[in-house]
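Structure first, then comments.
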Amino acid sequence: MRLIKPTKRGLYVEPGDFYIDPWLPVERAVLTHAHADHTYRGSKNYLVSKEGERLFRTRLYNEGNIETISYGKSKTINGVKVSLHPAGHVLGSAQVRVEYKGEVWVASGDYKLTFDPTCAQFEPVKCHAFITEATFGLPIYRWTKPEILFEEVNDWWRGNVEKGKATVIFAYSLGKAQRIMKSVDASIGKIFTHGAVERLTRDYRETGVEFPPTKYVGEVSDKKEFAGSLVIAPPSAQDTPWTRRFGAQSTGFASGWMRIRGARRRRAVDRGIILSDHADWDELLTAINATEAEQIWVTHGSIDILVRYLKSIGKDARPLETKFVGDAPESEMAKDEEENQQRINADDAN
Amino acid sequence: MKNFSDLYLALDQTNKTNEKVEAMVKYFKEATAADAAWAIYFLSGRKPRQIIPTAKLRMWAAEISEIPDWLFELSYDAVGDLGETIALLLPDTTATGSELPLAYWVENRTVPLRGLDESEQREAVAQAWNELDANERFIWNKLVTGSFRVGVSQLLVVRALAQVSGIEKEIIAHRLMGSWSPNADFYLNLLEASSKDADLSRPYPFHLAHQLDFPLEDLGDIRDWQAEWKWDGIRAQLIRRSGESFLWSRGEDLVSERFPEITTASFTLPDGTVLDGEILPWKDDEVMAFAQLQRRIGRKTVGKKLLEEVPVVLLCYDLLEFGCEDFRQRELRERRAKLIEILDNLPEDVRKTLIYYPVVEAKNWQELSKIRDESRSRRVEGFMLKRLASPFRVGRPRGDWWKWKIDPLTIDAVMIYAQRGTGKRASLYTDYTFAVWNNGELVPFAKAYSGLTDKEIRRVDRFVRDNTLETFGPVRSVTPKLVFELGFEGIQKSTRHKSGVAVRFPRILRWRDDKKIEDADSLDAIHQMLEAEN
Ligand SMILES: [Zn+2]
Ligand SMILES: [Zn+2]
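Encoded structure:
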């Protein structure tokens, strides 16, 4: 039986009468993580991970009845056993495991296997059917090891310090920004943040994740302070007057799409930093294998390609249609940017 | 190889010219003479012929990466560049070859592949891939496939070399022209303060012009200026030195053999003469359509029939060298007078091939503007305005020479197909096909890609993805909804096109958000333009 089905409101668990990451208001929602394209406001009851609670409350404006549960603990909703398991994507991100009459399905949400010091490591969950994302579902996407990547970032930052330049990295304000500030060598210089980043970092800190000291850009009165510093801002801040205050600067953009030269060039930054919150091709295959699932449902991204590949290696794989039919890096990026803009707007409103 | 691939990345990732020059200076300072010579060779757009067919590289890369062919093709589709796709797909290795010099990689590991049989080639290629990291593989793939290209102008390369050597830009630029072999000696001579430039064939750098972007009157007194029709052919330099002739096109190709009538005519020029001019298809004392010239371009040897159908001339503009003396610093009025004197003294039959055209006389700018309206019927693009006192400079400096082109013809058309770009735009839909109305139907009539801002391109890209009707490989047909204003330089009849017309240099002038598809132009309007043109 199809325990989890796509509907016009989102993924629906029929016997339990609840939704996973619904984009329209529903009675009961289980959320995988607090990114804007997964956490929508307006539902009545939410079940979220304990680790992500603060981020979810920020994202949901603290509206609705928000219930939390720790990773690995289960709860029964209308006879369906539900539990959340680390997805390694961002703080509090979870795979949703549902069990009904002996049948187990897992919806991955967004996930990655690469080490990330700001959230719990992905844990494979055995199941009959696994719903996987496929954002980077092409073998050209293979991530650089974080140690190597951040050594390169550090070298670049050091070089900019010597030239008296600020280092400005554009990265999504939820997840990637925090991962960067925790992974760089903070002894190189001061770290400043855009308002959207600072605010979400506060949620991280309050959850217990430790970071080197950071300072909100808006609190800096002497612009000379920026020379030699690292500034972390959301992508939507790129090419805006906001960046002028940093004076001489070298810019970088952190994204998995930066693996492709064309995408790097189009971004028109000095550095493309290949850093993603999503699984690369190898990680997708590793994760899928680890679930030992008989049936793989693919959603989000290179759906057809991953399905075809999985079939070619003898797996029962199928596409799962959702609202997001976008297949392309660019539209994904644009979507993410909009998401960030919303976040900033929300910030301004607060 | 590592230094060269770092240089490539540095050049590729910045749009700031200062940073590009800085990166090249850094490279040249550290590189050996042989490496520097090869780097200049590649940076200035020269490339060895393809050594290994791309189909083979593709096949071997898929095998080594252990992925099925279809997945390779889809990866290629997403990346848009074969060399890069291969570099990204190959398994990671602990590279060891990267410290070896560029010259070694080109001379020992690339060029010799040509002489190997297929299985030896495969082995050598796999070995090379194994020794290089992802960036270096990418560069090397480009070298092997003869498709290396980098976004840096010759002028910037020259600037960097001038900075490294302390030698004047003009001298460097001059030494870089013509044919030379990339080796240590060449590089050492290039930077040699006093080397006598013996290469007879070497042309001078061209003096180019910007489009006039301010009111004509601001140029000052019209009596200080010379107005020439701006011809639409191939800009060229004809060199006669020590009993030899060389015809160079602006793309720095030696085209002497392609235009034998010009080369033959040049035999009568006095020794030590260099002319700047335009190669034009010319018959019965007037210029033919550019399309006729296109029939001659791209043919190494020309048949008798074509020579008769499309004879060419060199319409001379300027005199750069006379009596073996560099004339470029003299004033244009003096150069021009001497040019006419030389041409008038040539034998009569030669004067039919090496020609000049009277400058346009006007009492004031207003009168000149009026005369410009004749451009289209004269098959010219407008005027070139040159200060009479100007020297013949290098590159595209502002001030002395201006292009004053007529506005392009324009049409409002509807986008019906979109195709992914190549190279840096591979993941975006950037190439569009446009249609106009004909009996209630949209017929495609032009393809264009340039002219939108990056932001607009992203918006159109999203439109394409959201409004796809059908997908054929990299092409999508889309719901006809978007209207664009297209500009082009000329129209001609065409039996190959469904619309019956072909347009020259079509480009997007702007996105007409304000128009509905019903407001787009019709084929009739285009046919009317066609009639007005001819
Ligand atoms: Zn996410
Ligand atoms: Zn997502």
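Keeping their order, the protein sequence lines are chains A and B.
Each step along the first sequence adds one to the number in the numbering used here, with nothing skipped, and position 190 is 188.
Each step along the second sequence adds one to the number in the numbering used here, with nothing skipped, and position 262 is 242.
Each residue gets a CB set at the ideal place from its N, CA and C atoms; glycine is no exception.
heavy atom of ligand 1 below 7 Å from residue i C-beta
i: His87 of chain A; result: yes
i: His83 of chain A; result: no
i: Asp275 of chain A; result: yes
i: His36 of chain A; result: yes
i: His190 of chain B; result: no
i: His33 of chain A; result: yes
Rounded straight-line distance, which links the Cα of residue j to that of residue i
i: Glu281 of chain A; j: Ala17 of chain B; result: 43 Å
i: Asn(-5) of chain B; j: Arg276 of chain B; result: 36 Å
i: Asp346 of chain A; j: Met256 of chain A; result: Here Asp346 of chain A scores only 34 on pLDDT, less than 50, and its place in the model should not be relied on; the value that follows carries that caveat. Between Asp346 of chain A and Met256 of chain A, the C-alpha separation is close to 29 Å.
i: Gly324 of chain A; j: Ala261 of chain A; result: Summary for Gly324 of chain A: the model assigns pLDDT 35, below 50, so the residue's position carries little reliability; its value from the coordinates is reported in the next sentence. Approximately 17 Å, taken between the alpha carbons.
i: Gly200 of chain B; j: Arg367 of chain B; result: 10 Å
i: Ala374 of chain A; j: Lys124 of chain A; result: Residue 374 of chain A is absent from the model: chain A starts at -1 and stops at 348.
i: Asn(-2) of chain B; j: Leu(-9) of chain B; result: 10 Å
i: Gly216 of chain A; j: Lys149 of chain B; result: 46 Å
i: Arg95 of chain A; j: Gly70 of chain A; result: 9 Å
i: Met331 of chain A; j: Ala175 of chain A; result: In this predicted model, Met331 of chain A has a pLDDT of only 41, less than 50, meaning its place in the structure is not dependable enough to derive any value.
i: Gly50 of chain A; j: Gln134 of chain B; result: 55 Å
i: Thr191 of chain A; j: Arg200 of chain A; result: 11 Å
i: Gln472 of chain B; j: His507 of chain B; result: 9 Å
i: Asp15 of chain B; j: Lys27 of chain B; result: 15 Å
i: Ile258 of chain A; j: Thr56 of chain A; result: 34 Å
i: Ala216 of chain B; j: Ser(-15) of chain B; result: 34 Å
i: Glu241 of chain B; j: Ile219 of chain B; result: 14 Å
i: Ile322 of chain B; j: Phe363 of chain B; result: 24 Å
i: Pro84 of chain A; j: Ala285 of chain A; result: 12 Å
i: Ile67 of chain A; j: Arg26 of chain A; result: 15 Å
Residue i beta carbon near ligand 2 (any heavy atom closer than 7 Å)
i: Asp108 of chain A; result: yes
i: His126 of chain A; result: no
i: His298 of chain A; result: yes
Cβ-Cβ distance between residue i and residue j below 8 Å
i: Ala92 of chain A; j: Ser47 of chain A; result: yes
i: Glu101 of chain A; j: Met179 of chain A; result: no
i: Ala505 of chain B; j: Ala393 of chain B; result: no
i: Gln272 of chain B; j: Val290 of chain B; result: yes
i: Leu466 of chain B; j: Leu489 of chain B; result: yes
i: Leu22 of chain A; j: Val11 of chain A; result: no
i: Trp50 of chain B; j: Trp85 of chain B; result: no
i: Pro185 of chain B; j: Ala142 of chain B; result: no
i: Glu361 of chain B; j: Asp265 of chain B; result: no
i: Glu208 of chain B; j: Trp345 of chain B; result: no
i: Val166 of chain A; j: Thr241 of chain A; result: yes
i: Lys0 of chain B; j: Lys210 of chain B; result: no
Nearest candidate by alpha-carbon position, reference residue i, set the options
i: Pro371 of chain B; options: B:Arg316, B:Ala35, B:Ser355, B:Asp392; result: B:Arg316
i: His298 of chain A; options: A:Leu318, A:Leu283, A:Ala194, A:Gly8; result: A:Leu318
i: Gln236 of chain A; options: A:Gly70, A:Ala252, A:Lys99; result: A:Ala252
i: Gly206 of chain A; options: A:Thr116, A:Gly77, A:His36; result: A:Thr116
i: Leu136 of chain A; options: A:Asn287, A:Ala315, A:Thr289, A:Leu283; result: A:Leu283
i: Val80 of chain A; options: A:Ile189, A:Arg7, A:Thr30; result: A:Thr30
i: Ala398 of chain B; options: B:Ser407, B:Ser225, B:Thr390; result: B:Ser407
i: Ser219 of chain A; options: A:Arg243, A:Leu228, A:Ile230; result: A:Arg243
i: Gly379 of chain B; options: B:Tyr(-12), B:Asp193, B:Ala13; result: B:Asp193
i: Leu531 of chain B; options: A:Ala32, A:Trp279, A:Thr112, A:Ala127; result: A question about residue 531 of chain B goes unanswered here, because the residues of chain B that appear run from -19 up to 514.
i: Thr390 of chain B; options: B:Glu224, B:Leu156, B:Leu218, B:Gly470; result: B:Gly470
i: Ser222 of chain B; options: B:Arg356, B:Ala58, B:Phe247; result: B:Phe247
i: Val159 of chain A; options: A:Leu89, A:Leu147, A:Glu145, A:Ala184; result: A:Ala184
i: Thr243 of chain B; options: B:Leu260, B:Ile259, B:Ser225; result: B:Ser225
i: Gln119 of chain A; options: A:Glu204, A:Arg39, A:Asp108; result: A:Asp108
i: Lys495 of chain B; options: B:Gly480, B:His477, B:Val463, B:Arg373; result: B:Val463
Ligand 3 heavy atom lying under 7 Å from the CB of residue i
i: Asp(-8) of chain B; result: What this structure holds is ligand 1 and ligand 2, not ligand 3.
Handout entry: 3 or more residues per run - each beta strand (DSSP E) lying fully within the stretch 153 to 232 of chain A
Key = Taking only runs of at least 3 residues, the beta strand (DSSP E) segments lying wholly in the stretch 153 to 232 of chain A are 164 to 168, 189 to 191, 228 to 231.
Exercise for the section: Please list the segments of the beta strand (DSSP E) lying wholly inside the stretch 306 to 377 of chain B, counting only runs of 3 or more residues, in order along the chain. Expected result: Annotation: the stretch 306 to 377 of chain B contains the following complete segments of the beta strand (DSSP E) (minimum length 3 residues), in chain order: 362 to 367.
Practice task
Any chance you could list the beta strand (DSSP E) runs of at least 3 consecutive residues sitting entirely within the stretch 191 to 252 of chain B, in chain order?
Solution key: Every unbroken stretch of the beta strand (DSSP E) spanning 3 or more residues and falling wholly within the stretch 191 to 252 of chain B is given here in chain order: 205 to 209, 214 to 221, 224 to 229.
Handout entry: Complete alpha helix (DSSP H) runs within the stretch 89 to 155 of chain B (minimum length 4 residues, chain order)
Key = Unbroken alpha helix (DSSP H) stretches of 4 residues or longer found wholly inside the stretch 89 to 155 of chain B: 98 to 111, 114 to 124, 134 to 145, given in chain order.
Problem - Whole beta strand (DSSP E) elements within the stretch 24 to 82 of chain A, 3-residue minimum - result: The stretch 24 to 82 of chain A contains these whole beta strand (DSSP E) runs: 26 to 28, 43 to 47, 63 to 67, 72 to 75.
Practice task
Ignoring anything shorter than 4 residues or poking outside the stretch 268 to 315 of chain A, list the alpha helix (DSSP H) runs there in chain order.
Solution key: Scanning the stretch 268 to 315 of chain A from its first residue to its last, the whole alpha helix (DSSP H) runs of 4-plus residues come out as 279 to 289, 301 to 310.
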